[in-house]
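Below: one structure, written as structure tokens.
Protein chains: 2
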Amino acid sequence: MQHIVLKSYCDGLPKPTDFALEEIETPKPEDGQFLVRHIWASVDPGSRSRLSGRDSYTGAQALGEAMGGFNVGIVEASENSDWPVGKLVTCAGGWATHSIQTGRGFLAPIPKGLDLPLSYWIGVLGVPGLTGWFGLKRVGVFKPADRVLVTSAAGPVGATAGQLAKAGGARQVVGIAGSDEKCRWLIKEAGFDHAINYKTTGDLDAAISEAMPKGIDILFDNVGNTMVERCLPKMRLNGRIVVSGQVADYSLPLAERHGIQSTDVFITRRVRMEGLVVFDDARDFPDALTAMANMIAKGELQLKEERFDGLATMPDAFCGLFKGENFGRRVVKVGEE
Amino acid sequence: MQHIVLKSYCDGLPKPTDFALEEIETPKPEDGQFLVRHIWASVDPGSRSRLSGRDSYTGAQALGEAMGGFNVGIVEASENSDWPVGKLVTCAGGWATHSIQTGRGFLAPIPKGLDLPLSYWIGVLGVPGLTGWFGLKRVGVFKPADRVLVTSAAGPVGATAGQLAKAGGARQVVGIAGSDEKCRWLIKEAGFDHAINYKTTGDLDAAISEAMPKGIDILFDNVGNTMVERCLPKMRLNGRIVVSGQVADYSLPLAERHGIQSTDVFITRRVRMEGLVVFDDARDFPDALTAMANMIAKGELQLKEERFDGLATMPDAFCGLFKGENFGRRVVKVGEE
Chain A
1 MQHIVLKSYC
11 DGLPKPTDFA
21 LEEIETPKPE
31 DGQFLVRHIW
41 ASVDPGSRSR
51 LSGRDSYTGA
61 QALGEAMGGF
71 NVGIVEASEN
81 SDWPVGKLVT
91 CAGGWATHSI
101 QTGRGFLAPI
111 PKGLDLPLSY
121 WIGVLGVPGL
131 TGWFGLKRVG
141 VFKPADRVLV
151 TSAAGPVGAT
161 AGQLAKAGGA
171 RQVVGIAGSD
181 EKCRWLIKEA
191 GFDHAINYKT
201 TGDLDAAISE
211 AMPKGIDILF
221 DNVGNTMVER
231 CLPKMRLNGR
241 IVVSGQVADY
251 SLPLAERHGI
261 QSTDVFITRR
271 VRMEGLVVFD
281 DARDFPDALT
291 AMANMIAKGE
301 LQLKEERFDG
311 LATMPDAFCG
321 LFKGENFGRR
331 VVKVGEE
Chain B
1001 MQHIVLKSYC
1011 DGLPKPTDFA
1021 LEEIETPKPE
1031 DGQFLVRHIW
1041 ASVDPGSRSR
1051 LSGRDSYTGA
1061 QALGEAMGGF
1071 NVGIVEASEN
1081 SDWPVGKLVT
1091 CAGGWATHSI
1101 QTGRGFLAPI
1111 PKGLDLPLSY
1121 WIGVLGVPGL
1131 TGWFGLKRVG
1141 VFKPADRVLV
1151 TSAAGPVGAT
1161 AGQLAKAGGA
1171 RQVVGIAGSD
1181 EKCRWLIKEA
1191 GFDHAINYKT
1201 TGDLDAAISE
1211 AMPKGIDILF
1221 DNVGNTMVER
1231 CLPKMRLNGR
1241 IVVSGQVADY
1251 SLPLAERHGI
1261 QSTDVFITRR
1271 VRMEGLVVFD
1281 DARDFPDALT
1291 AMANMIAKGE
1301 LQLKEERFDG
1311 LATMPDAFCG
1321 LFKGENFGRR
1331 VVKVGEE
């Protein structure tokens, strides 16, 4: 089997040379374990926070250790009768062609009878889609008639959150993205009311104010402090800021991060700001997945994917996330179906 | 009657010369109105945010307009049968010896039969005490065994919040204050477990970490961004930051405010930060006041007051709040009982 390890700690933007592909012996499952052969693997922007060699609440990644991530795969050898050979699963197997699973942690069978691409289970039906769901509904306490602003809106988390808001009766859903192509997709395919290309709009503050003259009930943010500071003065009474991701901050040392200064708005507008890690909602995943699978089947939830081929492409696919290169969920085919 | 108006917009720290005392004709109540003769008047740090001549969500104060604030008073003339002459009330009458009330807005009769100083109704049983109560309980979602850090802890909001936490079974209540005398009072009278004098402690970060080695469940903050940034890395999983006041920020232009940078903690520790304005909880005031009055009667809730004498002292009393001069609730006697 092959896997990809962290070779050097990242300083600033991660580079493909920070990683190395290694050939190792395929492990054999011990009692209670099983071996999954991966078909799809994900690159996740949130992984960046573990790669600086500094203490991290989520656990710093050690040099030489295989990179974490999510997978769709098939059980290839098993010493666990609950997970027999041939079963399709989603799991946290990382940047690798295979992984040993114990039956615990992030792991779920892929239900049969749904005619969906397997890669969706690490996309709209995986961690990003679930983050959109629980971020909007539990943390954002979404209510019909809310005005919702989504950043990194063409990414899998943002696109899911925005479409769920629209389907749930939002009065207005506005997305911010980094290309005209993404903005067109948000409006024409994903049903957003309005989209702003932050790279060409000039004055982003003014563009948001113009698009949302009545203000923002929910800021669903995947960018970080700059965006929160920008939007705070536009928040409506009892507004909610969902801290879903911070892609602009991951590579910045603390001192270089944009500070959030306009915190008087927390009092004057009774704003609430809260972060999430979606695994806290694991108990409620089945209901959310059923609902989202139904929406996909009915064409109410669009997913944009960028497919890469081969494990060796993962460092490039990952590093591109921080330059805004991606358009939709980046998934990497690492084995045959 | 006399009242005090804003004479100049405040730039930085407010100065007594920014205000002027004026003699005006005592108004007569019209139909449905009544005239209250004030006995006590409050100075409130939150008023600072209205005095810069800039747009403010809470409504900028106009030059020449009487300063707002809270009072205990007695109805002296009435054209409203619900509020007869002789009734004792709390109201929002401002920096003045008298006010006309309409029966709406912040106004409540003072219950009879409680042997408490009248000034308490603009202190622990007024806006500051209620802010402590609802900040801790509704916004902070206080739970027994929480570890609570309170800033401006010897002030009326902080002291109430800390004592309520302790009475509610907090595992640990730590206060930050600006003198050894305040710290002694917090521990000996108010029952805090520990108190830190931020003016003499040297490394405040280290002092907090040493006092709370297991971290913070609730930061009840009256200071502003510096304190939030300082405490974010010490927040425990699912920690709550109650934005109750921002006394260090009120006089600072946006660009000079300390930014909150460590917002990665919002995700990694699932932190929630939320502001409050206590009037949102008005429906629940009676229950809170009954509970707090009972605690005071049983000696479970201490109140420290600084009493000033005469309306003319109000500008000095107010301006001193921003130098940390006050120890407890500043109340000004503006008329006889």
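From first to last, the protein sequence lines stand for chains A and B. Our numbering puts the first sequence at residues 1 to 337. Our numbering puts the second sequence at residues 1001 to 1337. We put the CB at the ideal spot given by N, CA and C, even for glycine.
Identity of the residues DSSP links to residue i by a beta bridge
| i | result |
| --- | --- |
| B/H1098 | B/R1037 |
| B/K1333 | B/W1040, B/D1309 |
| A/T90 | A/V72, A/A108 |
| A/H194 | A/V174 |
| A/D221 | A/V243 |
| B/E1022 | B/H1003 |
| B/E1274 | A/R272, B/V1242 |
| A/S78 | A/F34 |
| A/L149 | A/V174, A/L219 |
Environment of residue i [buried if 16+ CB atoms lie within 10 Å]
| i | result |
| --- | --- |
| A/N225 | buried |
| A/D221 | buried |
| A/K137 | buried |
| B/E1274 | buried |
| B/S1099 | buried |
| A/R54 | exposed |
| A/I187 | exposed |
| B/G1059 | exposed |
| B/P1027 | exposed |
| A/K234 | buried |
| A/V130 | For clarity, residue 130 of chain A is Leu in the given sequence; the question names Val instead. With 16 or more other Cβ atoms within 10 Å, it is buried. |
| A/P84 | exposed |
| A/D217 | buried |
| A/D205 | exposed |
| B/N1294 | exposed |
| B/R1283 | exposed |
| B/I1024 | exposed |
Contacts of residue i in chain A (Cβ-Cβ under 8 Å)
| i | result |
| --- | --- |
| B/M1273 | F266, R272, M273, E274 |
| B/Q1246 | T263, D264, I267 |
Within chain B, the residues that residue i reaches when beta carbons sit closer than 9 Å
| i | result |
| --- | --- |
| A/D193 | Chain B residues near A/D193: none, gap ~26 Å exceeds 9 Å. |
| A/P225 | The sequence shown places Asn at residue 225 of chain A, rather than the Pro named in the question. Residues of chain B passing the Cβ test: G1259, I1260, Q1261, T1263. |
| A/V85 | The contacting residues do not exist; A/V85 stays about 37 Å from chain B at best. |
| A/D249 | Q1261, T1263, D1264 |
Closest residue to residue i among the options (Cα-Cα distance)
| i | options | result |
| --- | --- | --- |
| B/M1292 | B/T1160, B/E1229, B/V1243 | B/T1160 |
| B/S1152 | B/I1216, B/K1199, B/F1034, B/P1111 | B/K1199 |
| A/F285 | A/T90, A/E79, A/S179, A/V332 | A/T90 |
| A/Y214 | A/A77, A/D146, A/I24, A/A288 | For clarity, residue 214 of chain A is Lys in the given sequence; the question names Tyr instead. The candidate whose alpha carbon is nearest that of A/K214 is A/D146. |
| A/P315 | A/M1, A/Y9, A/P14 | A/P14 |
| B/E1243 | B/L1276, B/A1066, B/W1185 | For the sequence presented, residue 1243 of chain B should be read as Val rather than Glu. Out of B/L1276, B/A1066, B/W1185, B/L1276 has the C-alpha closest to the C-alpha of B/V1243. |
| A/F192 | A/S209, A/V173, A/T201, A/S179 | A/V173 |
| B/M1227 | B/L1237, B/I1208, B/R1236, B/N1238 | B/I1208 |
| A/F322 | A/Q246, A/N80, A/T263 | A/Q246 |
| B/L1303 | B/G1132, B/D1280, B/R1269 | B/G1132 |
| B/G1068 | B/E1076, B/V1075, B/G1046 | B/G1046 |
| B/E1181 | B/I1122, B/I1039, B/C1231, B/I1196 | B/I1196 |
| A/I296 | A/G113, A/L125, A/F70, A/Q261 | A/L125 |
| B/E1030 | B/L1021, B/D1281, B/A1206, B/S1078 | B/S1078 |
| A/T268 | A/P253, A/E256, A/R236 | A/R236 |
Residue i at chain D interface by Cβ criterion, 8 Å
| i | result |
| --- | --- |
| A/G239 | Of the protein chains in the structure, A and B, none is chain D. |
Per-residue contacts from residue i into chain B (C-beta, under 7 Å)
| i | result |
| --- | --- |
| A/S262 | L1254 |
| A/R138 | Residues of chain B passing the Cβ test: none, with the nearest at roughly 11 Å. |
| A/D205 | Those do not exist, as A/D205 stays about 13 Å from chain B at its closest Cβ, beyond 7 Å. |
The ligand FMN heavy atom lying under 7 Å from the CB of residue i
| i | result |
| --- | --- |
| A/V277 | Summarising the ligand content, the structure contains no ligands, and the ligand FMN is consequently not present. |
Nearest-angstrom beta carbon gap, residue j and residue i [assumed within contact, 8 Å]
| i | j | result |
| --- | --- | --- |
| B/A1317 | B/F1327 | That belief does not hold up - the Cβ atoms of B/A1317 and B/F1327 are roughly 12 Å apart, past 8 Å. |
| A/V332 | A/V43 | 7 Å |
| B/R1048 | B/S1251 | 6 Å |
| B/L1088 | B/L1006 | Wrong, their Cβ atoms sit about 29 Å apart, outside the cutoff. |
| A/G103 | A/V36 | With 8 Å as the limit, A/G103 and A/V36 do not qualify as a contact, their Cβ atoms being about 11 Å apart. |
| A/A211 | A/H194 | 5 Å |
| B/F1142 | B/G1168 | 6 Å |
| B/G1123 | B/P1156 | 5 Å |
Under 8 Å from the C-beta of residue i: neighbouring residues of chain B
| i | result |
| --- | --- |
| A/V278 | Neighbours of A/V278 on chain B: none; closest Cβ ~10 Å, over 8 Å. |
| A/D82 | Residues of chain B passing the Cβ test: none, with the nearest at roughly 30 Å. |
| A/V243 | T1263, F1266, I1267 |
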